[in-house]
Amino acid sequence: MFRTAFAAAALVGCLIVGSGQTALAQDYQLNVNTALTQQDPIYKGLETFRDKVAERSGGKVEIRIFPSSQLGKDEDVLEQARAGANVAVLVDPGRLAVFVNDIGVLGGPYLASGFDEYRKITTSDLFNGWAEELNSTAGLKILSFNWWQGARHLVTQNAVSKPADLAGVRMRTPGAPVWIETIKAMGATPTPMGWTEVYPALQQNAIDAAEAQDTAVYGAKLFEVAKHLTKTGHIGLLTGLVTSGQWFDSLPDDLKTIVSEEALAAGDVASKGTEDAIARVDAEMEKAGMSIDEIDVTPFKEATAGVYETLGYADLKKEVDAVLAGN
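Counted the way mature numbering (1 follows the signal peptide of the UniProt record, and there is no 0) counts, the sequence shown spans residues -25 to -1, 1 to 302.
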């Protein structure tokens, strides 16, 4: 584990040094980290981002993509960005809530329905205020927050139809409070760990279950080590492409516009790809032996309704509801 962490740190260091050495070839370089694999539709969106930025900037901005967390855990890459490194990471709201608490509401249970509603929230004035606060207080710049990874479901060894079925089940979840409280409210015991650790943890019975979106379950091949994917849809995973405010501010205005516009456009491409892929990956996982279970999610909605109050988000939830209700 020490060698792995050391190697990741060394790679980031080489990239930062390397970006200065390659400044003669292109004016700016951005190294983008994602926990997802190259087969994921989100990765295809990142490729679109890379290619369009290169095209529109005339090669002045080079985007380099690192799948499977090659640059380290999301939290580590965020710290590199805060320090001014030329890195970006595709990250969920929970990991940003440690800097701006209100952003964490986006990871709340059953907040909205589908990509269009989540996109409406993250292109609103309410969200823009959070983004400005994140930049000013934490030095992190949100390029776009419309990267839809799908609704998250339960990945278990036994069939699940109600919260009571999760009693005593050790379930992997990201470490952010909103995720932990949601999984706890659903009846399981939240067990934070990195995404790349989930497969061996399930294989070795270090955990009993996980929760994730269809494409991530398929990409990580969890169907090989778990028997059921239960369609609870408890959290809609809309993620954002976040970089260093210092790096972004170093760009000329025309390049800032290009990077921001293409990040938003690529997020839409990635999201459409995700929606198109769900039925295909579900069919392939079923073919491999995983049971895809549709259930009545009402008991889970009722069980998690108090999470917003627990985390102090009750009033903020009303503001989000108002955004969704607006034209």
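By construction, the Cβ of each residue, glycine as well, lies at the ideal position given by its N, Cα and C atoms. A quick note: this is a predicted structure, and the numbers were derived from the prediction, not measured.
Member of the options whose CA lies at the smallest distance from the CA of residue i
| i | options | result |
| --- | --- | --- |
| Ala163 | Pro152, Ala176, Thr148 | Thr148 |
| Val192 | Met260, Phe120, Gln45 | Met260 |
| Thr9 | Leu299, Ala297, Leu21, Val298 | Leu21 |
| Val66 | Ser225, Gly301, Ile117 | Ile117 |
| Asn76 | Leu299, Tyr288, Phe198 | Tyr288 |
C-alpha gap between residue i and residue j, whole angstroms
| i | j | result |
| --- | --- | --- |
| Leu286 | Val80 | 9 angstroms |
| Val64 | Pro84 | 23 angstroms |
| Asp228 | Leu177 | 48 angstroms |
| Gly264 | Lys196 | 12 angstroms |
| Leu212 | Glu186 | 11 angstroms |
| Phe275 | Arg127 | 13 angstroms |
| Asp290 | Trp105 | 15 angstroms |
| Glu269 | Ser246 | 22 angstroms |
| Ala60 | Asp15 | 26 angstroms |
| Gln13 | Lys19 | 7 angstroms |
Residue i (DSSP reduced to helix, strand or coil)
| i | result |
| --- | --- |
| Met146 | strand |
| Asp268 | strand |
| Gln4 | strand |
| Leu223 | One point to set straight first is that residue 223 is Phe, not Leu, in the sequence displayed. If DSSP states are grouped into helix, strand and coil, Phe223 belongs with the helices. |
| Ile40 | strand |
| Ile182 | coil |
| Leu286 | coil |
| Lys206 | strand |
| Gly104 | helix |
Short Cβ contact (8 angstroms threshold) for residue i with residue j
| i | j | result |
| --- | --- | --- |
| Trp122 | Thr214 | yes |
| Ala87 | Ile96 | yes |
| Lys202 | Ser266 | yes |
| Gln39 | Gln4 | Looking at the sequence itself, residue 39 is Arg, so the reference to Gln does not match. Yes, they are a contact pair. |
| Val234 | Thr23 | no |
CB contact below 8 angstroms: residue i versus chain C
| i | result |
| --- | --- |
| Ser266 | No chain C is part of this structure, which consists of one protein chain only. |
Residue i, buried or exposed, once every other Cβ within 10 Å from all chains shown has been counted against 16
| i | result |
| --- | --- |
| Arg25 | buried |
| Gln249 | Here the sequence assigns Thr to residue 249, which means Gln is not the residue at that position. So Thr249 ends up on the buried side. |
| Gly301 | exposed |
| Arg(-23) | Because Arg(-23) carries a pLDDT of 40, less than 50, the predicted location of this residue cannot be relied on, and no value is offered for it. |
| Arg94 | buried |
| Thr157 | buried |
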